[in-house]
Amino acid sequence: MNFDPESQKLTPDFFQDNVIKVAKSLLGKIFVKRDENTLLAGKIVEVEAYDGVDDEACHCYRGMTERNKVMFMPGGRLYVYFTYGAHFCCNVVTGKEGFGAAVLLRGIEPVEGSDIMAYNRYGVKDIDKKKTINLTNGPGKICRAFGIDRAHNGIDLTGNKIYILNSALAEEKDILVSERIGIKKSVELPWRFYLNNNFVSKK
DNA sequence: ATCAAGATTACCT
DNA sequence: GGTAATCTTGATA
1 MNFDPESQKL TPDFFQDNVI KVAKSLLGKI FVKRDENTLL AGKIVEVEAY DGVDDEACHC
61 YRGMTERNKV MFMPGGRLYV YFTYGAHFCC NVVTGKEGFG AAVLLRGIEP VEGSDIMAYN
121 RYGVKDIDKK KTINLTNGPG KICRAFGIDR AHNGIDLTGN KIYILNSALA EEKDILVSER
181 IGIKKSVELP WRFYLNNNFV SKK
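Residue numbers (the numbering used here): 1 to 203.
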């Protein structure tokens, strides 16, 4: 697979759109993190949408704060937050400037650099098959495997450090829908989207 | 200043 | 299936 950002990465207009639409459109696309020595990449197989206005579970529901201000930037940034005293979660910011919405990445199937992901998660490069499934099947696990932390909060996804390849859209019939996981407010909204794939966090 | 909650994970029985 | 771990943030006083 060619991971070259110049010809293939998603552009601002893709991100500056409705969060539900962007969430579904991200399924099947390749999330890439590059630095001098490493190339990590994986297929996005599970996401959730968080939408400022009518969504009590969204970090932006009560307006802008120091933590969530990146979500109000124009679509195409990475919003990274820390939770439960242990885990980072990363989100793709969507919509126009001044509107707080983002897509949480919850499940990724490793495509490139799974040995480095294993090292980031477990401190060793060789892991058994069972642990391979556990590399990136959850939002906190993804950040750990990809080495994403608060230093990456606000990074521009149209740059060459972290970006998403513009592969084909997943077919509507292949997109599964459910309520979102791990929230206590606005639980009824059907804004979790995923594919039939082993790296989904929860059945 | 204090406090409760949290977009989770790993480990236990 | 249940729950401890762990600490940052935002709200309230």
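Ideal Cβ placement from N, Cα and C applies to all residues, glycine included.
- [ ] Quick one: residues in its chain with C-beta nearer than 6 Å to the C-beta of Asn-160, no 5 flanking neighbours on either side, listed in chain order?
- [x] Excluding positions up to five away in sequence, the list reads Pro-5.
Task: Sub-8 Å separation of Val-223 and Asp-51 beta-carbons - done: The structure shown does not extend to residue 223, since the chain is modelled only from 1 through 203, so no value can be given for it.
Task: Pair within 8 Å by beta-carbon distance, Ile-164 and Lys-43 - done: The Cβ-Cβ distance between Ile-164 and Lys-43 does not fall below 8 Å.
TODO: Note down, one range per segment and in chain order, each alpha helix (DSSP H) of at least 4 residues found wholly within the segment 87-166.
DONE: With a minimum length of 4 residues, the unbroken runs of alpha helix (DSSP H) contained wholly in the segment 87-166 fall at 114-122, 129-133, 139-146.
- [ ] Starting from the Cα of Thr-83, find the closest Cα among Lys-69, Val-70, His-59, Thr-94 and give me that residue.
- [x] With distances taken between Cα atoms, Thr-83 lies closest to His-59.
TODO: In the DSSP assignment, find the alpha helix (DSSP H) that holds Leu-26 and state where it starts and stops.
DONE: Judged by DSSP secondary structure, Leu-26 falls within the alpha helix (DSSP H) whose first and last residues are 19-26.
- [ ] Verify whether the separation of the beta carbon atoms of Leu-195 and Ile-175 is less than 8 Å.
- [x] The answer is yes: Cβ separation under 8 Å.
Open item on the list: Considering just the uninterrupted stretch of the beta strand (DSSP E) at Glu-6, what are its terminal residues?
Closed with: Unbroken run through Glu-6 is the alpha helix (DSSP H), 5-8; no beta strand (DSSP E).
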